[in-house]
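Chemist: To start, I am sharing the structure in question, which I have written as structure tokens.
Protein chains in written order, with the numbering used here: chain A, 1 to 478; chain B, 1001 to 1478.
Next up, the structure:
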């Protein structure tokens, strides 16, 4: 028992030190490991399998909207990166530079892509001649590099995995429609698959993407009350098209610039899953994204027929579920702790008495609820439990988010809430960058977004008291 | 008609200039495009969709053998690359070096991975402590960079996509078994899915991987008689383990070094598909790898009911096949040319008379064979045609390879064959590096492999006439 307790005890409680709890979980659940390459990590099988499921789900949703996948080079010549002024200013300070190829210095240095707008523009400038060539709705799955000073697994690392969609359209209306369409794909994916509720909205000019006309975002709230930008979708208008000369002959025989968008989601969503759903026993994975949904754990495995029956159940369930059997020589208690640490949604315990009675015990990871189930009804009950868990996890996360969303009407109130009540603070804003800067400087909070479809909660700016233009979600963020 | 002819005429005949034919096909079939980044290419949707199918098929086969996917950093610190002597000598001359991160020079320069043995070793050195931690059977899908001087789409580019499997085992026997197992996975995949027959064998010391104890390979023959190394599997013994200190406590409580393997397959297989199966009308894709297996092309689309019927057929076939409908305003002849250029295995033509008669015309891409099929039997006949085509393509490629495999017994015969008969030349070899060097220098041919399970064809070395040790497949290679 001493050994078994150690596994769980080794995790810091999330209420004591959330950051340490996070670090403990990513290590103990075997999601990542550190490497000799500073700021870069290994994504281990348990972590990568979550990413594979994210890819599969997102890719299917993308393709349903007409997206095609491509692959562009990882290197960007310096002159190409510099073509769009705002963009290079935003990214140049944090890119990695390749200066030598083989034994020779390069004539022009290349950066490792921090994002690929410039490469897609260069590509589209060649590909797009006529309105018949439009729209281009391309996406790539790849890794990108940003030379961050401080890093944390999944949340901020020098190299991370993502998808980046880049589209070109004949009109601004079509580009705007695609921008919002992809934001909705992200939002639906987060809620339906990851059980993470999101606030959809628009970024302020200060927070928008370097080179974008408009940036839309989905923002989610972690268990500690900090916000996480979870996916962004940008409308570039024709700014990049003008910088890169991407023109087409329209139906009316005139030469026009294309309108472009880009949108991305990254491995930081694995961090979001951990921080929204995890508890003091470790990871809790929503059933729809869990690489293993059910762990069958035989009790008194040495007794005749137990292992065979467990194998039979595993094989039966494998037809409809992602199931594993833990037939190692560890004790059942140790196996329970491991299954909990790894966030596997359901475990099925079965010992000699259960088998004799034609039943098994089903335990939900999130609520620890135990259910004695007849073996005949196993599939049916398991499907119900997984469905209920998926739904409950979303509702619990939504309730937590709503209970940690506050309305501030004065600056005093605002500062008090930001400092003492972890969560989103809703407050009106005059639209002036100075107020945004002041809030960030004095409280560390940033504007997360102007939310879609929410009513105003007042008429004056929460910072300066002048007439307010819009409602803003503010928060401290990862 | 002038326009339609142009599409086909623009391809160089493969008999006139095979290299130019290849370049024409990759462009006209819209597989790749060139970029501003010298030596790097864009893989366009039609090309990337082939890679996605390769990934899906290989990944499934890997996982059936217990492989788990991971992701390691793209950067390797110089000191790490240098740990294994042979390995660094093999790769250092062709890596790209990152020297600056953001605005600052790095303390130690990093190379962009040309392959990840060193990173996996560093990782395993941390992960592996006990025999319980073994085996590690990991794989990653990623891109790698090798600073090649001359490049060709898919066959040789500075950045390419691949998978690299890296395993660690308790014993040399187990490592050798895994090495051969993965070679067989590659061979089966090539034959069953890509319809490319391969010769399995072992590389000579001269041609083996930098740092490997033994390199196994599958070699295929292109239509022009040149060889293509199509997949390799390496047994490292404990060489890397000793350089990186990867030790474990075995069951007998003694400290031992692990035994390692690695194995990879790349996007150059798309080049192999083109060069094995293509013809003067363009690409010919084996049905099992084709992103689109069937193109429905309505004839006289303006006539009442034609488009509707074509859509109905498309929707019906979509249940069992990867099908598209070409409902653009191009002429049928133009659509036929495009479908042929893109290598789509089957087209279904249907005009008003066909529809009236309750039938359609099915045309096989490889043989151009036409089949009038009753609409009721469409699924059944289509499945038969696709199956037959897959099988015939493999047999045709095998017959071509066998007809272009020659036996040489003297050096004179050897040189004559290598220079005048494009293909594999089988010849006995004394085992001496000097003969291998001489052959390469004087003929440009390299030893492709010592084939598995083939009888000797003589007793003396085809180069020096001394007693021969083994049979070798020789050839000029991509």
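The beta-carbon is built from N, C-alpha and C at its ideal position, and this holds for glycine as well.
List the DSSP bridge partners of residue 1161 of chain B.
Modeler: DSSP, once it has assigned bridges, lists B:1143 as partnering residue 1161 of chain B.
Chemist: Does residue 1357 of chain B come out as helix, strand or coil in the three-state DSSP assignment?
Modeler: coil
Chemist: Taking DSSP as the reference, what is the three-state secondary structure of residue 499 of chain A?
Modeler: Given that chain A is displayed from residue 1 to residue 478, the structure contains no residue 499 of chain A and the question cannot be resolved.
Chemist: Quick one: what's got a C-beta closer than 7 Å to residue 1049 of chain B's C-beta in the same chain, skipping five residues either side?
Modeler: 1291
Chemist: Would you list the residues sitting across from residue 446 of chain A in a DSSP beta bridge?
Modeler: A:475
Chemist: Alpha carbon to alpha carbon, how far is residue 1083 of chain B from residue 1120 of chain B? Give it in angstroms, no decimals.
Modeler: 13 Å
Chemist: Tell me whether residue 1403 of chain B is buried or exposed, calling it buried when 16 or more other Cβ atoms sit within 10 Å of its Cβ.
Modeler: By the 10 Å Cβ count, residue 1403 of chain B comes out exposed.
Chemist: Which complete beta strand (DSSP E) runs does the region 1306 to 1382 of chain B hold, if anything under 3 residues is left out?
Modeler: 1323 to 1325, 1346 to 1350, 1359 to 1364 and 1370 to 1374
Chemist: Exposed or buried, what is residue 149 of chain A when buried is set at 16 or more other beta-carbons lying within 10 Å of its beta-carbon?
Modeler: exposed
Chemist: Just reading off the beta strand (DSSP E) that residue 33 of chain A is part of, what are its end residues?
Modeler: 32 to 34
Chemist: Name, in chain order, the residues that DSSP records as bridge partners for residue 1229 of chain B.
Modeler: Beta-bridge pairing by DSSP links residue 1229 of chain B to B:1219.
Chemist: Span of the alpha helix (DSSP H) holding residue 58 of chain A?
Modeler: Residue 58 of chain A -> alpha helix (DSSP H) spans 45 to 64.
Chemist: May I have the straight-line CA-CA distance separating residue 1490 of chain B from residue 418 of chain A, to the nearest angstrom?
Modeler: Any answer about residue 1490 of chain B is impossible in this case: the structure gives chain B only from 1001 up to 1478.
Chemist: Quick check: residue 1143 of chain B and residue 1160 of chain B, are their CB atoms within less than 8 Å of each other?
Modeler: The answer is yes: Cβ separation under 8 Å.
Chemist: Could you say which of A:446, A:468 and A:445 lies nearest to residue 455 of chain A if we only look at CA atoms?
Modeler: The candidate whose alpha carbon is nearest that of residue 455 of chain A is A:468.
Chemist: By Cβ distance, which residues of its chain are closer than 7 Å to residue 1004 of chain B, with the 5 residues on each side in sequence left out?
Modeler: Note that residue 1004 of chain B has pLDDT 47, beneath the 50 cutoff, so the model's placement of it is unreliable and the number below is only indicative. The answer, listed in chain order, is 1331, 1333, 1334 and 1337.
Chemist: Using the Cβ count rule (16 or more neighbours within 10 Å means buried), how would you classify residue 1175 of chain B?
Modeler: Classification for residue 1175 of chain B: buried.
Chemist: Can you tell me whether residue 1179 of chain B is helix, strand or coil according to DSSP?
Modeler: Here residue 1179 of chain B sits in helix by DSSP.
Chemist: Any contact between the region 189 to 208 of chain A and the region 455 to 464 of chain A? By contact I mean 3 or more CB pairs, one from each, below 8 Å.
Modeler: no
Chemist: Is residue 1207 of chain B helix, strand or coil by DSSP?
Modeler: Reduced to three states, the DSSP call for residue 1207 of chain B is coil.
Chemist: Which residues does DSSP list as the beta-bridge partners of residue 296 of chain A?
Modeler: A:325 and A:348
Chemist: Any idea if residue 1020 of chain B is buried or exposed, counting beta-carbon neighbours within 10 angstroms, 16 or more meaning buried?
Modeler: Under this definition residue 1020 of chain B is an exposed residue.
Chemist: The alpha helix (DSSP H) spanning residue 256 of chain A covers which residue range?
Modeler: Element bounds for residue 256 of chain A: not the alpha helix (DSSP H) but the beta strand (DSSP E), 255 to 257.
Chemist: Is the closest heavy atom of the ligand ADP to the C-beta of residue 1272 of chain B under 7 Å?
Modeler: Among the components modelled here there is no ligand, and therefore nothing to report on the ligand ADP.
Chemist: What residues from the region 1069 to 1081 of chain B come within 7 Å of chain A, judged by C-beta to C-beta, listed N to C?
Modeler: Per Cβ criterion, the list reads 1069, 1070, 1071, 1072, 1073, 1074, 1075, 1077 and 1080.
Chemist: Quick check: residue 195 of chain A and residue 393 of chain A, are their CB atoms within less than 8 Å of each other?
Modeler: Taking 8 Å as the Cβ cut-off, residue 195 of chain A and residue 393 of chain A qualify as a contacting pair.
Chemist: Check whether the Cβ of residue 154 of chain A lies closer than 8 Å to any Cβ atom in chain B.
Modeler: no
Chemist: Among B:1246, B:1137, B:1263 and B:1386, which residue has its Cα nearest to the Cα of residue 1187 of chain B?
Modeler: B:1263
Chemist: Taking beta-carbon pairs under 9 Å, can you tell me which members of the region 172 to 185 of chain A lie near chain B?
Modeler: none
Chemist: Which residue from A:440, A:220, A:283 and A:249 puts its Cα closest to that of residue 366 of chain A?
Modeler: Of A:440, A:220, A:283 and A:249, the smallest CA-CA separation from residue 366 of chain A is found for A:283.
Chemist: Got a sec, what are the start and stop residues for the alpha helix (DSSP H) residue 1268 of chain B sits in?
Modeler: Looking at the DSSP string, the run of the alpha helix (DSSP H) that includes residue 1268 of chain B is 1268 to 1277.
Chemist: Please tell me whether residue 100 of chain A has its Cβ less than 8 Å away from any Cβ of chain B.
Modeler: At a cut-off of 8 Å between C-beta atoms, residue 100 of chain A counts as an interface residue with respect to chain B.
Chemist: Going residue by residue through the region 380 to 412 of chain A, where are the continuous beta strand (DSSP E) segments of at least 3 residues, counting only ones entirely within it?
Modeler: For the region 380 to 412 of chain A, whole beta strand (DSSP E) runs of length 3 or above, ordered along the chain, are 405 to 407.
Chemist: What three-state label does DSSP hand residue 23 of chain A in the structure shown?
Modeler: helix
Chemist: With the cut-off set at 8 Å, would you say residue 258 of chain A and residue 1042 of chain B are in Cβ contact?
Modeler: no
Chemist: Tell me, please, which residues DSSP counts as bridged to residue 423 of chain A.
Modeler: DSSP lists no partner for residue 423 of chain A.
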